[in-house]
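Chains as they are written, first to last, in my numbering: chain A, 1 to 334; chain B, 335 to 668; chain C, 669 to 1002. Quick reminder that beta carbons are idealized off the backbone N, C-alpha and C, glycines included. Since this is a predicted model, take the numbers as computed values, not measurements.
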Amino acid sequence: MVGLAVRRWCAPVLGLPALASAGEYLARRGELGWREVTERFLAGAGVGTWLVDTGFVPEPPLAGLGVGVEREVVRVEAVAEGVAAEGESGRGLLAGIRAELRRRAAGAVGLKTVVGYRCGLRVPGVAPTDHEAQRAGERWCRATLANPAQQAEGASGARGVRLTEPVLLHWLVHEAALVCAELGLPLQVHTGFGDPDLRLREVDPALLSDFVESKPDTTVVLLHCWPYHRNAAYLAHVYGNVVVDIGLMVPFVGARTGEVLAEVLELAPFDAVVYSSDGRALPETHYLGAKLFRHHCGLLLDEWIADGIITAADAERLAHGIGAGTAARIYQLT
Amino acid sequence: MVGLAVRRWCAPVLGLPALASAGEYLARRGELGWREVTERFLAGAGVGTWLVDTGFVPEPPLAGLGVGVEREVVRVEAVAEGVAAEGESGRGLLAGIRAELRRRAAGAVGLKTVVGYRCGLRVPGVAPTDHEAQRAGERWCRATLANPAQQAEGASGARGVRLTEPVLLHWLVHEAALVCAELGLPLQVHTGFGDPDLRLREVDPALLSDFVESKPDTTVVLLHCWPYHRNAAYLAHVYGNVVVDIGLMVPFVGARTGEVLAEVLELAPFDAVVYSSDGRALPETHYLGAKLFRHHCGLLLDEWIADGIITAADAERLAHGIGAGTAARIYQLT
Amino acid sequence: MVGLAVRRWCAPVLGLPALASAGEYLARRGELGWREVTERFLAGAGVGTWLVDTGFVPEPPLAGLGVGVEREVVRVEAVAEGVAAEGESGRGLLAGIRAELRRRAAGAVGLKTVVGYRCGLRVPGVAPTDHEAQRAGERWCRATLANPAQQAEGASGARGVRLTEPVLLHWLVHEAALVCAELGLPLQVHTGFGDPDLRLREVDPALLSDFVESKPDTTVVLLHCWPYHRNAAYLAHVYGNVVVDIGLMVPFVGARTGEVLAEVLELAPFDAVVYSSDGRALPETHYLGAKLFRHHCGLLLDEWIADGIITAADAERLAHGIGAGTAARIYQLT
Chain A
1 MVGLAVRRWC APVLGLPALA SAGEYLARRG ELGWREVTER FLAGAGVGTW LVDTGFVPEP
61 PLAGLGVGVE REVVRVEAVA EGVAAEGESG RGLLAGIRAE LRRRAAGAVG LKTVVGYRCG
121 LRVPGVAPTD HEAQRAGERW CRATLANPAQ QAEGASGARG VRLTEPVLLH WLVHEAALVC
181 AELGLPLQVH TGFGDPDLRL REVDPALLSD FVESKPDTTV VLLHCWPYHR NAAYLAHVYG
241 NVVVDIGLMV PFVGARTGEV LAEVLELAPF DAVVYSSDGR ALPETHYLGA KLFRHHCGLL
301 LDEWIADGII TAADAERLAH GIGAGTAARI YQLT
Chain B
335 MVGLAVRRWC APVLGLPALA SAGEYLARRG ELGWREVTER FLAGAGVGTW LVDTGFVPEP
395 PLAGLGVGVE REVVRVEAVA EGVAAEGESG RGLLAGIRAE LRRRAAGAVG LKTVVGYRCG
455 LRVPGVAPTD HEAQRAGERW CRATLANPAQ QAEGASGARG VRLTEPVLLH WLVHEAALVC
515 AELGLPLQVH TGFGDPDLRL REVDPALLSD FVESKPDTTV VLLHCWPYHR NAAYLAHVYG
575 NVVVDIGLMV PFVGARTGEV LAEVLELAPF DAVVYSSDGR ALPETHYLGA KLFRHHCGLL
635 LDEWIADGII TAADAERLAH GIGAGTAARI YQLT
Chain C
669 MVGLAVRRWC APVLGLPALA SAGEYLARRG ELGWREVTER FLAGAGVGTW LVDTGFVPEP
729 PLAGLGVGVE REVVRVEAVA EGVAAEGESG RGLLAGIRAE LRRRAAGAVG LKTVVGYRCG
789 LRVPGVAPTD HEAQRAGERW CRATLANPAQ QAEGASGARG VRLTEPVLLH WLVHEAALVC
849 AELGLPLQVH TGFGDPDLRL REVDPALLSD FVESKPDTTV VLLHCWPYHR NAAYLAHVYG
909 NVVVDIGLMV PFVGARTGEV LAEVLELAPF DAVVYSSDGR ALPETHYLGA KLFRHHCGLL
969 LDEWIADGII TAADAERLAH GIGAGTAARI YQLT
């Protein structure tokens, strides 16, 4: 499906007819060169502010490409791994993580956790104590020292040591939520499908109920969600601090974006749904996310207007909210 | 979505244009007064017989409003809590619950359990023994005496002490099923989404397989079900004693009612699906349930007729069955 | 739904108008006689090669009916049960199963497991050792001898003793995967809905992640999948050795086939999806599977072509791939 979407939507940006073949596409892409291609797709995405997760494989800054403002989302597992990599352990590890989280958060628009990849989303409603977290940190440091092969593996983005110790991860996620509440930042959580190093049933966002209920002052943004997007919508329905970000679903489900979005809107409050491209590596992914969302959200709302379900003015408000307004509010973009 | 549905369908009942703004709606509602508004919506719902769950926050009887017959559905947790509140414990508690269940059931059209809210739907296929249930009752009474703060809390409707002891709950649900089988009444089970005091994954109706299989002589009505409505349809497909009630889904999913109903009809036998409004607190909810069901079920069947999937006569039979006939049969309404 | 589909699609094959009543249908069927009816439906299905699971209730061979080639899929639980029924136990049981699996596989186009029915799909990524499997085999033989009533029960197809011992089952499934990898055959796994002797939540294909990840050289075909077909699509997306077979879904969901197929195609690579009829007992089931798939896959692709989502040439390639080409490749049909 993603291949069809590239051929349909990206080919015309390179001056080819829609649905040009993969061969024609790659040839044309080579002719234009990476810089021209990147500039066309990033400009074509029509994105004003890029919220960039900097904790995965580092990518070159967008700044030089003249395509809008770039703001940072800090991945909390990368922060913890960085502190550990500098040799901190025991009490120093917790104190170091706390300090570094606050330092990094001060310059960011949000924090993000990939705890689902590391040990699933059954984050308890009560944080582990510092004592428990410290002992978990010691287990982790010992295990990592004993097994250097564990370092630097995994598609979910760890560099150096990879934090997979559940108790320390749960402590970290609770700590991140506290930092977010203090600074008025949202906490993003990867949920639903992704790379093979997760287990699908362990990343059902419904598993987060106890956690989100325990942190009413932290806005929790559920990313991606598919195929559990209805469960994510349920959380947004019952908890005022939960937002559903359809993210990664859009470029992947392609022509099915309208149907999947409609399933989310069955129960999620309209002002608790946001778009993101989850683009990565190839500039096409940024463009596709934006284009597919606009196209299929537009078709869905046209149908609703035609059927008398919504007024044109409300539909416009809804589209602007999902596409930009709600994100501007929760990330405090100004 | 529910807000759009109110503006679309309820506004005209108050003499406003469809999709009038929330402000206009509230102003007009205030002008008309609660009695006029209630009478319009209840009459507009076109409901002949109201099956009312009397175990939640009590509401005034509908009788005075001249809008059809009212029949009672008895919530079994409220019965058990009532017996305990009168001081019964030990063997007296079980005997008291048994007697009161039968007494109340004799005047009712069905029993209902909210066990999913209290400890999830993993009800075992074999009932706890009286001895086990008695010991569980003692634990519950001691815990409640020790912690009076536990009393009267929870959105799922307990008044006074709140029964959350799993073993006693499982005993109670099995006992209720026996009473239903004796009297030819169905047992309603809350499944799927609801208030924040449930955990979504624990109310998947698929968890009820052992229980419904163990009670072939009791008709079990699965209420609400979303987002697990396909799982509910599966149970109705494999167990002849299971009925799917789309209930609460309808007013909430609004314009998506047709799609959700179609997902249920993928596998559920057509004569094992029933409509209910699950209306509560506001008379709009009763009207919306009825109106949305009629509108979207009608659109779905029109499409099926146009596509040659079903004859007009069979579609009519199907609509009447889901809307009224099947409920009249299983609740023995005459 | 299946009843409507029979009336719509099968009635014309018997010379009746579409949507003839059930009474007319049965009368006409009786007039024509079983042989004529069977020949019409099997020929009408337009199937070139029949892949027949021979481990369930035996059916007469199709050969005499002149409707295409018949190839065998061997049910591995039936193989193990056959070896045990001949009195093998201890080390002899494992050796016997190994030998018989290879002997039967040599004449077949694939192996199949119904482990989901027997103990769910939580097959570990690491096979039990021979020692563990041998002890499990001894437990099973003792239990079966002690309880002859357990023999021959169950709708999932055991004849004689029924293998339900989890450790031996896990060993068997791993062994079957090795045989498949050696011979270049795919391993079919029943997932999703079926008869009442399974538990729905235990047959979610997502539970197979560890297993399919551990066997990259074995093509694993997930059969049926509904209502977890999106989870099956996810596995096909992340694991190159996974194929989704929409099988049993099609005749059951009937007019909803297009929607269910579209949900699968949201994430599954197009060349990792295959059709099968899962027909059984009545020849109508074979015809329905083929007819419904062709009709609704065609409608879906027509819509996609009209919306500019796919070219006509690619749509044709996709339909041929799901309908026959991909199966011909993975089952090495020549």
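- Contiguous beta strand (DSSP E) elements confined to the stretch 516–556 of chain B occur at 521–525, taking only those with 3 or more residues.
- C:Asp798 is bridged by DSSP to nothing; it lacks a bridge partner.
- When C-beta atoms of the stretch 520–531 of chain B are compared with those of the stretch 497–504 of chain B, fewer than three pairs fall below 8 Å, so the two segments do not count as touching.
- When Cβ pairs closer than 8 Å are counted between the two stretches, the stretch 542–558 of chain B is seen not to touch the stretch 420–434 of chain B, the count staying below three.
- In this structure, the beta-carbon distance from B:Cys344 to B:Tyr621 falls below 8 Å.
- Our two residues, B:Glu516 and A:Arg135, have alpha carbons roughly 58 Å apart in a direct line.
- Contact with chain C is found for A:Val253, since one of that chain's Cβ atoms lies less than 8 Å from the residue's Cβ.
- Under DSSP, A:His224 shares a beta bridge with A:Thr191.
- If you draw a 10 Å sphere on the C-beta of A:Val69, you find fewer than 16 other C-beta atoms in it, and that means exposed.
- According to the DSSP assignment, C:Arg739 belongs to the beta strand (DSSP E) that extends over Val737 to Arg743.
- Secondary structure at C:Leu935: coil, using DSSP grouped into helix, strand and coil.
- Annotated as distal: A:Val13 and A:Arg35, with beta-carbon spacing of 8 Å or more.
- When 8 Å is used as the limit between beta carbons, B:Tyr568 is near these residues of chain C: Phe861, Leu868 and Pro895, in chain order.
- The C-beta distance from A:Glu266 to A:Arg230 rounds to 7 Å, short enough to meet the 8 Å contact threshold.
- C:Thr994 sits buried, since 16 or more C-beta atoms from the chains shown fall within 10 Å of its C-beta.
- Here C:Asp872 is buried, its C-beta having at least 16 other C-beta atoms within 10 Å.
- Chain order gives no chain B residues near A:Val83, where near means a beta carbon separation below 9 Å; the closest approach is about 34 Å.
- The C-beta distance from C:Val912 to C:Ala930 rounds to 13 Å, too long to fall under 8 Å, and the pair is not in contact.
- Closest by C-alpha distance to B:Leu582, out of B:Pro458, B:Gly623 and B:Leu506, is B:Gly623.
- For the stretch 640–666 of chain B, the set of residues with a beta-carbon nearer than 8 Å to any beta-carbon of chain C comprises Asp641, Gly642, Ile643, Ile644, Thr645 and Asp648, in chain order.
- DSSP places B:Thr619 in the uninterrupted alpha helix (DSSP H) bounded by Pro617 to Ala640.
- Using a CB distance cut-off of 8 Å, A:Ala272 does not count as an interface residue toward chain B.
- Under DSSP, B:Thr383 takes part in a beta bridge, and its partners are B:Val403.
- Residue pairing by DSSP places B:Thr447 opposite B:Val523 in a beta bridge.
- Below the 8 Å Cβ cutoff, chain C contributes no neighbours of A:Leu301, its closest Cβ being approximately 16 Å away.
- Sequence-distant Cβ neighbours of A:His237 in its own chain, meaning closer than 7 Å and more than five residues away, are Leu267, Ala268 and Pro269.
- CA-CA distance, A:Leu178 to C:Val932, rounds to 39 Å.
- Between B:Asp605 and B:Gly657, the gap from beta carbon to beta carbon reaches 8 Å or more.
- With respect to the C-alpha of A:Thr257, the residue from C:Ile977, C:Trp839, C:Tyr693 and C:Leu1001 having the closest C-alpha is C:Ile977.
- Excluding its 5 nearest sequence neighbours in each direction, C:Glu768 has C-beta neighbours in its own chain below 6 Å: Val747 and Val751, listed in chain order.
- DSSP places B:Asp579 inside the beta strand (DSSP E), whose first and last residues are Val576 to Asp579.
- Only exposed fits B:His465, as fewer than 16 other CB atoms lie within 10 angstroms of its CB.
- Counting along the chain, C:Thr994 sits inside the alpha helix (DSSP H) bounded by residues Thr994 to Ile998.
- In terms of Cα proximity to B:Arg651, the closest of B:Asp641, B:Gly632 and B:Leu445 is B:Gly632.
- In the displayed model, A:Val274 falls within a strand according to three-state DSSP.
- Linking C:Ala686 to C:Arg675 through their CA atoms gives a straight-line distance of about 6 Å.
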